[in-house]
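K.L.:
Below you'll find the structure I mean.
Chains as they are written, first to last, in this note's numbering: chain F, 11 to 331; chain U, 1374 to 1608.
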């Protein structure tokens, strides 16, 4: 790929089926050497966007450029640059793992002499040594997922598109798969979709949040958390009269808003305070409340990516982490 | 071409790991064996004419079972998403798969050669007539498989693909019978020309006419081109 061109460029890409817009005016760029997480709830348009980048379906409007090649007009050239793991691993159940990988390697144009070594490489990377001779229909879900990943890695493509690559894996396999992706992301571009937040925090340099087919935010995980830090929360459980508690909390410096729920049967109130980002605000609240009432619980909610995510996709940034 | 070749090899490898191919080949050979014995012992034929005619109809009814999985099976297994995103052109996918199916057809044709053994042992059949018959058989089969691949591309359901293909092929097989009812010369010529059966019967009589060869090849070509165009379009 030419060094000048970004690995993946989406220019106001939309996909409509009839009158329903599944993806609406999405634009972003993925550079080489960067792992970008594509985050959104189920049905947000992640898979449709991935399929458009992979060239499985065409965009209704807008342009998809892969390593500078327009997916609509230059499909074969663009496809050569991409390793793609669809949401459902595309496997031929009747073939054994080695013949399956050999087929994909052949189609990807890997020279006969290099093929055996290349298959060996992805088999090792994806820990498939134990099953290379097994027919694919006999494999467990975790193995199927990893055979799909191995297929995508064949030929070391410039760009790796992974649609929920860790779905169906056990924790150990998830760990290994993340290592594979991380290692690959050093000098290639990786776009991976997921709804697991820990995944993007752990391995992605940038996160794109999508919901209802619209791109809501794209930034580094830290950047998104900084933005969310403005809406820090402190949660309290106190035995106290409602008005008195509200008054006490409102008087503490740093508390911006107080929201008190209905008391439980034994008179315990749950209060949520929106506070600013200053240090020690929860200690000040604790001092003020504990002096007058019985304080049962106090918790400061850190700005997790989950809160960021929930705020964007549901307007519910205060939902429990 | 190497892309089409890889698809072809994959296709053969998967065909023979599914029971359908074995089923179709055995039913075909058993059916042909039965018709051959019937024609020789009860009708008293000394050639392959009658048997070829029966084989033609067997082909029409059994090829949909070979072609049904060609693309519908890929949609169903989710592997279409792999094929269509690999650096393959639509025609390479369509051609590789088609040639895989034609290879099964070749195996069927080869299997029926056993019927020739007693013919040559106990009689003197006309070799040229038999060769013409086999040429017609393979050409007819190729046209059927191409039509079948087209319908397999149009639906996700293999059974639906097989049923539609069988209906269309039977229509083309019997359309020649309408000839007798047409007054207009043009319609008589048209129904005759479109008939898979009438072209086939000239081959069975030992006549290799360019009209017949061109007809089957053109039908195959049109069906395959439409299939490739459809795959491009459905993106």
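Every residue, glycine too, gets a C-beta built ideally from N, C-alpha and C.
As the structure is a prediction and not an experimental result, all values here were calculated from the model.
(1) Can you find at least 3 beta carbon pairs, one from the stretch 37-46 of chain F and one from the stretch 202-221 of chain F, that sit closer than 8 Å?
(2) Between which two residues does the beta strand (DSSP E) holding residue 27/F run?
(3) Alpha carbon to alpha carbon, what distance is there between residue 171/F and residue 157/F?
(4) Is it right to say residue 188/F is buried, meaning 16 or more other beta carbons lie within 10 angstroms of its own, or is it exposed?
(5) Taking DSSP as the reference, what is the three-state secondary structure of residue 1450/U?
(6) For residue 356/F, which beta-bridge partners are listed by DSSP?
(7) Which runs of the beta strand (DSSP E) fall wholly inside the stretch 110-187 of chain F and span at least 3 residues, in chain order?
(8) Output yes if chain U places a C-beta closer than 8 Å to the C-beta of residue 125/F; else output no.
(9) Spell out whether any CB of chain U is found under 8 Å from the CB atom of residue 135/F.
(10) Report the option in 95/F, 90/F, 106/F and 96/F whose CA atom is closest to the CA atom of residue 1459/U.
(11) Need the endpoints of the alpha helix (DSSP H) that residue 1541/U sits in, please.
(12) Would you call residue 180/F buried or exposed, if buried means 16 or more other Cβ atoms sit within 10 Å of its Cβ?
(13) So with Cβ pairs under 8 Å, would you call residue 1579/U a contact of chain F?
(14) In the stretch 45-66 of chain F, which residues sit with their C-beta less than 9 Å from some C-beta in chain U, listed in chain order?
(15) Near residue 1502/U, which residues of its chain fall below 7 Å by C-beta distance, leaving aside the five closest residues on each side in sequence?
(16) With DSSP collapsed to three states, give me the class of residue 1603/U.
(17) Just the Cα atoms here: how many angstroms apart are residue 1516/U and residue 1432/U?
(18) Comparing the C-beta of residue 1470/U with each C-beta of chain F, is any distance below 8 Å?
(19) Among the residues of its own chain, which have a CB less than 6 Å from the CB of residue 1397/U, if the five just before and after it don't count?
(20) To be precise: take each residue of the stretch 140-152 of chain F, compare its Cβ to all Cβ atoms of chain U, and keep it if any distance is under 9 Å. Which residues remain?
(21) Using a Cβ cut-off of 7 Å, pull out every chain U residue sitting near residue 96/F, in sequence order please.
(22) Quick one: which unbroken alpha helix (DSSP H) runs of 4-plus residues sit fully inside the stretch 1456-1527 of chain U? Chain order, please.
(23) Could you check where the beta strand (DSSP E) with residue 37/F kicks off and where it finishes?
(24) Between residue 326/F and the rest of its own chain, which residues show a CB-CB distance below 7 Å, the 5 nearest in sequence each way excluded?
(25) For chain U, is any of its Cβ atoms less than 8 Å away from the one on residue 16/F?
(26) In whole angstroms, give me the CA-to-CA distance for residue 116/F and residue 1500/U.
(27) Whole-angstrom Cβ separation of residue 112/F and residue 132/F, contact assumed at under 8 Å?
(28) May I ask you to list the residues that DSSP assigns as paired with residue 1411/U?
(29) Which residues, in chain order, does the stretch 106-119 of chain F contribute to contact with chain U at a C-beta distance below 8 Å?
(30) Looking at residue 169/F and residue 18/F, is the spacing between their C-beta atoms short of 8 Å?
(31) Under the three-state reduction of DSSP, which class applies to residue 243/F: helix, strand or coil?
(32) Can you tell me whether residue 280/F is helix, strand or coil according to DSSP?
(33) The beta strand (DSSP E) that contains residue 306/F, what's its start and end?
(34) Within 8 Å (strictly less), CB to CB, does residue 1604/U reach chain F?
(35) Closest to residue 1593/U by CA distance: which of 1394/U, 1445/U, 1424/U and 1512/U is it?
(36) Could you tell me which of 258/F, 150/F, 269/F and 311/F sits nearest to residue 297/F, measuring between CA atoms?
P.N.:
According to the structure data:
(1) Cβ pair count under 8 Å is three or more, so yes.
(2) Here residue 27/F corresponds to residue number 17 of the first chain, with the count starting at 1. 18-27 is the extent of the beta strand (DSSP E) around residue 27/F.
(3) Against the first chain, residue 157/F aligns to sequence position 147. Against the first chain, residue 171/F aligns to sequence position 161. Here the alpha carbons of residue 171/F and residue 157/F stand approximately 15 Å from one another.
(4) Here residue 188/F is taken as the residue at index 178 of the first chain, counted from 1. The residue in question, residue 188/F, is buried, as its Cβ has 16 or more Cβ neighbours within 10 Å.
(5) Walking along the second chain from the start, residue 1450/U turns up at place 77. DSSP places residue 1450/U in helix when its eight states are reduced to three.
(6) An answer regarding residue 356/F cannot be provided, because it is not within the stretch 11 to 331 covered by chain F.
(7) Fully enclosed beta strand (DSSP E) runs of no fewer than 3 residues occupy 169-173 of the stretch 110-187 of chain F, in order along the chain.
(8) Mapped onto the first chain, residue 125/F falls at position 115. When Cβ-Cβ separations below 8 Å define contact, residue 125/F makes no contact with chain U.
(9) What you label residue 135/F is simply residue 125 of the first chain in a count that begins at 1. Contact of residue 135/F with chain U is not assigned, every C-beta pair being separated by 8 Å or more.
(10) Numbered from its first residue, the second chain carries residue 1459/U at position 86. Nearest of 95/F, 90/F, 106/F and 96/F to residue 1459/U, Cα basis: 90/F.
(11) Working through the second chain from its first residue, we reach residue 1541/U at position 168. For residue 1541/U, the enclosing alpha helix (DSSP H) has its first and last residue at 1531-1547.
(12) Locating residue 180/F in the first chain gives position 170, counting from the first residue. Around the CB of residue 180/F, fewer than 16 other CB atoms lie within 10 Å, so the residue is classed as exposed.
(13) Position 206 of the second chain holds residue 1579/U. Look at residue 1579/U: its C-beta is not under 8 Å from any C-beta on chain F.
(14) Against chain U - using a Cβ distance shorter than 9 Å - the residues of the stretch 45-66 of chain F are 61, 64, 65 and 66.
(15) By one-based count along the second chain, residue 1502/U stands at place 129. Same-chain partners within the cutoff: 1420 and 1579.
(16) To locate residue 1603/U, count along the second chain from 1; it is residue 230. Three-state DSSP puts residue 1603/U in a helix.
(17) As a working note, residue 1516/U is residue 143 in the second chain. As a working note, residue 1432/U is residue 59 in the second chain. Distance between residue 1516/U and residue 1432/U, taken at the CA atoms: about 11 Å.
(18) On the second chain, position 97 is the one that residue 1470/U refers to. Under the 8 Å criterion on CB atoms, residue 1470/U is classed as non-interfacial with respect to chain F.
(19) Against the second chain, residue 1397/U aligns to sequence position 24. Within its own chain, the residues whose Cβ lies closer than 6 Å to the Cβ of residue 1397/U, once the five positions on either side in sequence are excluded, are 1435, 1438 and 1439, listed in chain order.
(20) Cβ contacts with chain U: 145.
(21) On the first chain, residue 96/F is found 86 positions in, with the first residue counted as 1. At a C-beta separation below 7 Å, residue 96/F has these neighbours in chain U: 1451 and 1454.
(22) List check, alpha helix (DSSP H) in window: 1463-1484, 1489-1495 and 1500-1527.
(23) Locating residue 37/F in the first chain gives position 27, where the first residue counts as 1. Bounds of the beta strand (DSSP E) holding residue 37/F are 30-40.
(24) Position 316 of the first chain, counting from 1, holds the residue named residue 326/F. Note on residue 326/F: pLDDT 41, under 50, position unreliable in the model; the coordinate value appears next. For residue 326/F, the CB contacts under 7 Å within the same chain, skipping 5 residues up- and downstream, are 320 in chain order.
(25) The residue you call residue 16/F lines up with position 6 of the first chain. Not an interface residue.
(26) The count along the first chain starts at 1 and reaches residue 116/F at position 106. The count along the second chain starts at 1 and reaches residue 1500/U at position 127. Cα-Cα distance, rounded: 42 Å.
(27) Translated into the one-based positions of the first chain, residue 112/F becomes position 102. Translated into the one-based positions of the first chain, residue 132/F becomes position 122. That belief does not hold up - the Cβ atoms of residue 112/F and residue 132/F are roughly 11 Å apart, past 8 Å.
(28) The residue you call residue 1411/U lines up with position 38 of the second chain. None; residue 1411/U has no bridge partner.
(29) Within the stretch 106-119 of chain F, the residues whose Cβ lies closer than 8 Å to some Cβ of chain U are 109, 113, 114, 116, 117, 118 and 119, listed in chain order.
(30) Working through the first chain from its first residue, we reach residue 18/F at position 8. Working through the first chain from its first residue, we reach residue 169/F at position 159. Their beta carbons are under 8 Å apart, which means residue 18/F touches residue 169/F by this criterion.
(31) To locate residue 243/F, count along the first chain from 1; it is residue 233. Taken through DSSP and simplified to helix, strand or coil, residue 243/F comes out as strand.
(32) Your numbering for residue 280/F matches position 270 in the first chain. Strand, per DSSP.
(33) The sequence position of residue 306/F within the first chain is 296, counting from 1. In the DSSP assignment, residue 306/F falls within the beta strand (DSSP E) that extends over 304-311.
(34) Translated into the one-based positions of the second chain, residue 1604/U becomes position 231. Under the Cβ criterion of 8 Å, residue 1604/U is not counted among the residues facing chain F.
(35) Translated into the one-based positions of the second chain, residue 1593/U becomes position 220. The shortest Cα separation from residue 1593/U among 1394/U, 1445/U, 1424/U and 1512/U belongs to 1512/U.
(36) Here the question's residue 297/F lines up with position 287 in the first chain. When only C-alpha atoms are compared, the closest one is 258/F.
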